[in-house]
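The sequence shown begins at 926 in this note's numbering and counts up by one.
Note that the Cβ used here is the ideal one computed from N, Cα and C, for glycine as well.
Keep in mind the model is a prediction, meaning the values are calculated, not measured.
To start, the structure itself, in structure tokens.
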Amino acid sequence: MQNATITRLTLLAGALCVSPVALAETSEDEIRAIVSEMMADASTRSSLLQSGGNAGHDGMFYLADEEGNFRLNVAGQVQFRYTANFGEENNASDGDDYTGGFQTNRTKLEFTGNAVLPNLVYKVQGNFASSGGNFSLQDAYVGYAFDSGWTLLWGQMKAPLQREELVDSKYQLAADRSFANSLFSPTRTQGIAVNYRNDDINFTAGFTDGANAFNTDFNQDQQNYAGFPTPASIGGGEADYSFTARLEWKLEGDWGQFKDFTSMPGSEFAAMLGFAGHYEGNETLVGFAGTPADVTVGGYTVDLSLEGDGWNFFAAFMGFSTDTEGLVDLDLDGAGDDTDFADFALVVQGGVFIPDTDWELFARYDGIFLDDDRAGEDDFNTLTFGLNWYWSGHAAKFTVDATIFLDESLGANGVPLAAAAGGLNSFKNFVGDDDEGEFALRAQFQLLF
């Protein structure tokens, strides 16, 4: 009764706060109707709370019913950074030897939870682009978790290949993922997948639309391969078929330790081996001339993850092959070139906390080793080093790092690499230079909510 009286007094006060001009233009009947509608809405909300619904923050903001059949989690990520790139005066961005400025690298909204049953889970996630601010859908999938450890997933999700890609951007060691990962990762796709996990094994396999086939229609064919088919250059459409599988074998530790690369001081030792493969095929257009051909691409990775008391180590070797049939000549490096390629990449990184502090030092090497039959340079090596300050874990984290591109990345020798990486890559601080030694700095603050 007391709550009802308070509600009525609040509504009456709100009505009295309306401006005199508005009151003069509103009849008594209209005011009564407005108050009645507000009372009905307040009554509905009160009954929902009385029925056992609850809301709060237990690591993320949520709304839930009492039985646990319905729950909505709301989370977000903001990464704001300053980037400075140094190279020769003929770099690809503006012809100057310096390119720099501020950037909202990621602004994400994430909705997760369950509906109807505790076992029927979902995730919807999108990002506001750093250039233009357009909102783009990233993840949109539903899953059913069986009691036996199996989970069936369907929708738009990440292809289960590279661990570096599967670790969320908010949990990376450096300000962003490696250049090798950008070149070899199939990123997101649409399809169905199954996952099985027990104390030692985590296995995921998917039948999907292929590399980078996200936000596509079912009749949207694979795009032109641009003469350099790798996972990074494939996209904009759907493959005829695509299979991806990943097996993770946990040797020590808990699964929760591998959601990120960092290992906080006081953590127990953890070790994990990962094996994954990807294969897809499509009859599509290849090359800048748009020649019809049958293209099959396959990739694999082997990785090792180690974590300890304030230190971490990660290494991954990646391979990628391309087989193109039906071409007279792809004209990549002169007449009669082989149209089958085998490319490789290696990533090695590690971090360690400065004793008795929240500061973590880290370093990373990644190398890309292209097939000799490709045009231009065969290798592209990168060094990254920096430090993290964990103000409040990953929820409030400051990162500063420096990247040195050891090899030429633009011009006649760098065109295939730049094209495969999507051109100028602001996420990786890559601008492009026709001389070796391009150097970049990033200073980034991340907030999670």
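Cβ-based burial, residue i [other Cβ within 10 Å; buried from 16]
| i | result |
| --- | --- |
| residue 1141 | buried |
| residue 1056 | exposed |
| residue 1293 | buried |
| residue 1023 | exposed |
| residue 1008 | buried |
| residue 1218 | buried |
| residue 958 | exposed |
| residue 1143 | exposed |
| residue 1322 | buried |
| residue 1164 | buried |
| residue 1363 | buried |
| residue 1330 | buried |
| residue 1281 | exposed |
| residue 962 | exposed |
| residue 1261 | Summary for residue 1261: the model assigns pLDDT 44, below 50, so the residue's position carries little reliability, and this model does not support an answer. |
| residue 992 | exposed |
| residue 982 | exposed |
| residue 1035 | buried |
| residue 1188 | buried |
| residue 1228 | buried |
| residue 1104 | buried |
| residue 1012 | buried |
Endpoints, alpha helix (DSSP H) assigned at residue i
| i | result |
| --- | --- |
| residue 980 | Looking at the DSSP string, residue 980 is not in any alpha helix (DSSP H); the run it does join, the beta strand (DSSP E), is 979-982. |
| residue 1288 | Not the alpha helix (DSSP H): residue 1288 falls in the beta strand (DSSP E), residues 1284-1294. |
| residue 1089 | 1088-1091 |
| residue 1105 | 1104-1109 |
Closer than 8 Å to chain D by CB, residue i
| i | result |
| --- | --- |
| residue 1281 | Given the protein chain composition of this structure (a single chain), no chain D is represented. |
Own chain residues within Cβ distance below 7 Å of residue i, not counting five before or after
| i | result |
| --- | --- |
| residue 1133 | 1084, 1114, 1115, 1116, 1167, 1169 |
| residue 1052 | 1031, 1032, 1033, 1061, 1063 |
| residue 1054 | 1061 |
| residue 980 | 987, 988 |
| residue 1368 | 1006, 1007, 1325 |
Contacts around residue i, its chain only, beta-carbon distance under 6 Å, and the 5 residues preceding and following it disregarded
| i | result |
| --- | --- |
| residue 1243 | 1109, 1226, 1270 |
| residue 998 | 985, 987, 1037, 1038 |
| residue 877 | The structure shown does not extend to residue 877, since the chain is modelled only from 926 to 1374, so the question has no answer here. |
| residue 1337 | Residue placement at residue 1337 is poorly supported in this model, since its pLDDT is 36, which falls under 50; the coordinates still yield a value, given next. Closer than 6 Å at Cβ, skipping near neighbours: no residue. |
| residue 1374 | 1001 |
| residue 1065 | 1049, 1080, 1081 |
| residue 1112 | 1137 |
| residue 1288 | 1310 |
| residue 1265 | 1248 |
Where the beta strand (DSSP E) through residue i begins and ends
| i | result |
| --- | --- |
| residue 1006 | 996-1011 |
| residue 1317 | 1304-1317 |
| residue 1171 | 1166-1177 |
| residue 1320 | Where residue 1320 is concerned, there is no enclosing beta strand (DSSP E), given that its DSSP letter is neither H nor E. |
| residue 1363 | 1363-1373 |
| residue 1048 | 1045-1053 |
| residue 1035 | 1023-1039 |
| residue 1083 | 1075-1083 |
| residue 1060 | 1060-1070 |
| residue 1271 | 1265-1278 |
| residue 988 | 986-989 |
| residue 1127 | 1126-1133 |
| residue 1248 | 1236-1250 |
| residue 1187 | Per DSSP, residue 1187 belongs to no beta strand (DSSP E) and is neither H nor E. |
Cβ-Cβ separation, residue j to residue i (assumed contact under 8 Å), whole Å
| i | j | result |
| --- | --- | --- |
| residue 1069 | residue 1044 | 6 Å |
| residue 1332 | residue 1370 | Contact doesn't hold; Cβ gap of about 31 Å is too wide. |
| residue 1176 | residue 1200 | Wrong, their Cβ atoms sit about 13 Å apart, outside the cutoff. |
| residue 1311 | residue 1326 | 3 Å |
| residue 1222 | residue 1089 | That belief does not hold up - the Cβ atoms of residue 1222 and residue 1089 are roughly 19 Å apart, past 8 Å. |
| residue 1120 | residue 1086 | Between residue 1086 and residue 1120 the Cβ distance is about 14 Å, and since that is not below 8 Å, they are no contact. |
Proximity to residue i [Cα-Cα], best of the options
| i | options | result |
| --- | --- | --- |
| residue 1098 | 981, 1239, 1363, 1282 | 1239 |
| residue 1194 | 1234, 1173, 1162, 1209 | 1234 |
| residue 1006 | 1101, 1208, 1174 | 1101 |
| residue 1246 | 1327, 991, 1206 | 1206 |
| residue 994 | 1200, 1047, 1319 | 1047 |
| residue 1198 | 1182, 1174, 1186, 1181 | 1174 |
| residue 1380 | 1172, 1138, 1222 | In the structure as shown, the chain starts at 926 and stops at 1374, and residue 1380 therefore has no counterpart that could be examined. |
| residue 1324 | 1094, 1071, 1025 | 1094 |
| residue 1365 | 1096, 1318, 1307 | 1307 |
| residue 1230 | 1092, 1079, 1208, 1328 | 1092 |
| residue 1135 | 1128, 1146, 1129, 1125 | 1146 |
| residue 989 | 1209, 1041, 1025, 1011 | 1041 |
| residue 1106 | 1123, 1026, 1274 | 1274 |
| residue 1319 | 1203, 1077, 1186 | 1186 |
| residue 1237 | 1119, 1368, 1183 | 1183 |
| residue 1267 | 1295, 1026, 1276 | 1295 |
| residue 1130 | 978, 1104, 1241, 1075 | 1075 |
| residue 1224 | 1250, 1192, 1241, 1072 | 1241 |
Same chain, Cβ closer than 8 Å to residue i, five either side skipped, listed in chain order
| i | result |
| --- | --- |
| residue 1283 | 1314, 1315, 1316 |
| residue 978 | 988, 989, 990, 991 |
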